[in-house]
Every structure is written in C-alpha cells, then in structure tokens.
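Quick notes on the structure that follows.
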Amino acid sequence: MKSHTSYLTFHARNRMEFINITGEVQEKVQDSGVREGLCLVNAMHITASVFINDDEPGLHQDYKDWLERLAPHDPSRYRHNRTGEDNGDAHHKRQIMGREVVVAVTEGKLDFGPWEQIFYGEFDGRRPKRVMVKIIGE
Amino acid sequence: MKSHTSYLTFHARNRMEFINITGEVQEKVQDSGVREGLCLVNAMHITASVFINDDEPGLHQDYKDWLERLAPHDPSRYRHNRTGEDNGDAHHKRQIMGREVVVAVTEGKLDFGPWEQIFYGEFDGRRPKRVMVKIIGE
Amino acid sequence: MKSHTSYLTFHARNRMEFINITGEVQEKVQDSGVREGLCLVNAMHITASVFINDDEPGLHQDYKDWLERLAPHDPSRYRHNRTGEDNGDAHHKRQIMGREVVVAVTEGKLDFGPWEQIFYGEFDGRRPKRVMVKIIGE
C-alpha cells in the first residue's frame, strides 16, 4: 500500500470565500503514484469546509446568501464569541458545508462525475489556513 | 491491497426522491472480495446526495418538507438559475444531506448499526444519474 | 495492509449531548499499529452524529440552540413520530451535523489542525449507543 501526505495553504482575502482546489488535489494524486485508492481532502481549521459542487459564480453567491440566513454573522448571537472571538457564525456555516470529502482514485485520477469540482470554503478568512490531502492505495 | 470500482445508475421519476441502495452496495462488497476495508459511496452529480438513515416513509416525507423549507424550489430565488437552470434549490438540498458516505467493511460485510440503510437522494430527477462505489481493503 | 476494528459505547444522560472522544479514538490508532492510513469514525445510530469542531462549551450551547431552531423537538411536527417514536427531530439534527468523519493517520497519529477535536453528538440520548472506529493503512 502506498500513502502520500500533503498540505495546501490558502489565504482568503474575504471573510467568506470559495476557492477551487481541484487542480492542486489532482497534482497531489499524480505525485502519489496511486492508481487505485482513496483521496481524503479536509479543512484543518474548524471554521472552514472542503466540499464538492459546481464552479458557477451565481451558485456560490447563492450559497453565501443562504449560509448567512441560516447562521448570520452578527457576533452578538453566539455565546462562543464571549471568548473574545467574532467567528461563531463560521463554526455553524462549516457544519452545513462539511469538513471533508473522500474521492475515489481510479486509473491515477480523481474519479469524478461531469461537474464535480473541489472547493475550499472559508468562513473566517484573512489568515493563512491549511487543507490536508491524504492519498492511500496502490 | 484490493480495490473494486463500480457505478450504479438510477433514474428517479420525481424531482425529489430517495432510493434505498443498501442491497446493491452490499453486492458490490461481495463482488470485491474485500473482507476488511472501507467502502466509499458517493453521488456523481452535484444535485444529489448519498446518505445513511432510516427506511421509514414518514421520515422521508419529513425530510422532503424540511428541505423544501430550508431551500425552496422557487426558481426565482437563485442566481444560479440565470444560467438557464431551474435546479438552484437542488444544489442547496444536496449540501444539507451530504455527497457521500464511507462505510467500514468487516468480515466481508457493511459494518452497520441496527437501522442504518444507504440512500441515494435525488433533488433534480427525471434524468439518469450515477453513484460511485469504491471499495479498498484486503 | 493492516486493518483495525473497534466499537466505543456511550450513554448520554441528556437527549442532546456532545462528548469529546478524541482521546479514545487516538488510543485505537495506537492499538492498530497503523503509521500511515485513514481512520473512519461513525455513529452506528441514525439519531446521532460524529463531527469535528472546537471543544468550547459556549459553542456547544450555540449548536444546540441552532439545531433546535432548524429542527425543533416538538413531536407533533414529524410524520415519523406516528410510528410511536418521539425522535423525528433527532433524525434531522443528525443530518446537519453529519454521520461520520474520516481522519488522516500520519506517523501513527490523527493528523489534525490546531483545534480539531472529535465529538460524538447525541440527539436522542438516554440509551447506550455505539460508535465505530475503523483504521486501515500500514
């Protein structure tokens, strides 16, 4: 069994931002030499997500509006912010969008449907953040 | 290490529909010959989910009503639909229910709790859609 | 390839409760002897979650309040409860928080970002419940 471990670093300029990381993850799959296996991609921060959906700017704005309705930023709403933080909302938004994805690797590539793209979803940006990519297989 | 790759195809008659795929996934586990490992099951379309819950029709109707409240179908609500689509809501419902499940394989079987069943969740049906099943282990 | 299977049992005293299980999962990783691989942790019950976030009591209370708004307990709201259950809400809360996490194992340890902690999230407690831990790798 082969395994391959790598970390990607992102610095989102906005509080909420979605970054397409499909190309970088595919490069790591190539580096790994794994032909058949699984690829885990997860946010290493608890106010961020990794998710798979469409690379369409209108949809991304829809997601931002929807997440803001489901978990508004307003810092006064969250007990968590009494610790001195102002990112209580980000911990909630991340739960909706998820922490991680697991993608099949088949014949050395991410085995994707027609529109699947991997995104890093930042909900408390303006600091460098890390994403883990772990590939195992043969 | 063994790996086994397969694709299931579904054609939901309704826009929103949940299909129990546990038996088909279990067959793929048997086909794989894997006794100990992991089984990834994911929607290959970004308006669909794979999730694990109860096979109880009342609960499924509850889920449909709840998802419709959280992300109503009304096409005018979504920027995404300006691209000519009418499925903006389906991209949101899928994020709530999730893209994938990873299930342990133990002694050649899906290692499930008492009520766990795997469902394909369609939110933009009436076209053929694919689910990926990837099994790795020994 | 090595594989290691174990089950943790919890008995939450309250209907809704979050239990930090990071230490117990890390012990299973050590028991497994796996240095590089993947660790699946999932609820075996369909009214419970396993999720990764911060171990901060204010945040946990925020989550409980938020989940109660998104899917109120009131048994009369759910068709599922016509089967004699009163836990329809728990099946919904679990979908928001997720069934499982997959964590990378690197150099024999859970490969975590600075604040990541694994929680068992109970939404229909007061009965013993099980969590599965499956580790594969080398």
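Chains as they are written, first to last, in the working numbering: chain A, 1106 to 1243; chain B, 1106 to 1243; chain C, 1106 to 1243. Just so it is clear, CB atoms sit at the ideal spot from N, CA and C, and this is done for glycine as well. Fair warning: this is a prediction, and the values are worked out from it, not measured in the lab.
query	result
Residues that R1140 of chain A bridges to, as DSSP identifies them	In the DSSP output, where bridge partners are listed per residue, R1140 of chain A has none listed.
Pairwise C-alpha distance: V1155 of chain B and H1192 of chain B	Per the sequence presented here, residue 1192 of chain B reads as Asn, with His not at that position. Answer to the nearest angstrom: the Cα atoms are 18 Å apart.
K1234 of chain C versus Y1225 of chain C: straight-line alpha-carbon distance, rounded	10 Å
Whole-number beta carbon distance between M1237 of chain C and D1160 of chain B, since they are thought to touch under 8 Å	Actually they do not touch by this definition, with Cβ atoms about 20 Å apart.
Residues near L1175 of chain C by beta carbon distance below 7 Å, same chain, minus five either side	I1201
Residues from the region 1126-1158 of chain A in contact with chain B, defined by Cβ distance under 8 Å	E1141, G1142, L1143, F1156, I1157 and N1158
Strand pairing of Y1225 of chain B, partner residues [DSSP]	B:I1124 and B:V1155
Under the three-state DSSP convention, the category H1109 of chain A falls into	strand
Under 8 Å between C-beta atoms of V1130 of chain B and H1109 of chain B	no
N- and C-terminal bounds of the beta strand (DSSP E) containing Y1190 of chain C	The residue you asked about is not Tyr; residue 1190 of chain C is Glu in the sequence shown. It is not in any beta strand (DSSP E) - E1190 of chain C carries neither H nor E in the DSSP assignment.
Closer than 8 Å to chain C by CB, G1226 of chain B	no
Own chain partners of R1199 of chain A with C-beta closer than 8 Å, once the 5 adjacent residues on each side are dropped	A1148, I1151, T1152, A1153, S1154, G1226 and F1228
Three CB pairs or more closer than 8 Å across the region 1162-1177 of chain C and the region 1178-1190 of chain A	yes
For V1206 of chain A and D1194 of chain B, the rounded distance between their alpha carbons	21 Å
Beta-carbon separation (whole angstroms), R1120 of chain A vs G1230 of chain A, contact threshold 8 Å	5 Å
Residues that H1178 of chain B contacts on chain A, provided the C-beta gap is smaller than 7 Å	What H1178 of chain B touches in chain A: nothing, since even the nearest Cβ is about 13 Å away.
Neighbourhood of D1133 of chain B by C-beta distance below 6 Å, restricted to the same chain and skipping five residues each side	Inspection of the sequence shows that residue 1133 of chain B is occupied by Lys rather than by Asp. Answer for K1133 of chain B: S1111 and V1238, listed in chain order.
Cβ-Cβ separation, M1106 of chain B to E1212 of chain A (assumed contact under 8 Å), whole Å	Not really, about 16 Å apart at Cβ, beyond 8 Å.
Sequence-distant residues of the same chain with beta carbon closer than 7 Å to R1137 of chain B, five excluded per side	This sequence places Ser at residue 1137 of chain B; Arg is not what is there. For S1137 of chain B, where only same-chain residues beyond five positions count, the Cβ hits under 7 Å are K1107, H1109 and I1240.
Residue-level contact to chain A via CB, Y1168 of chain B, 8 Å cutoff	no
Span of the alpha helix (DSSP H) around G1163 of chain B	P1162 to L1175
Within-8 Å CB hit, S1181 of chain C to chain B	no
CB contact check: S1108 of chain A to chain C, cutoff 8 Å	yes
Neighbourhood of P1162 of chain A by C-beta distance below 7 Å, restricted to the same chain and skipping five residues each side	none
Cutoff 6 Å; reference H1116 of chain B; Cβ partners in own chain excluding five residues on either side	P1233
Burial state of G1128 of chain B (16 or more Cβ within 10 Å)	exposed
Where E1129 of chain A sits in the DSSP three-state scheme	helix
Distance between E1141 of chain C and V1210 of chain C (C-alpha atoms, nearest Å)	5 Å
Cβ neighbour criterion (16 or more within 10 Å) applied to Q1135 of chain B	exposed
Whole-number beta carbon distance between W1171 of chain A and H1197 of chain B, since they are thought to touch under 8 Å	6 Å
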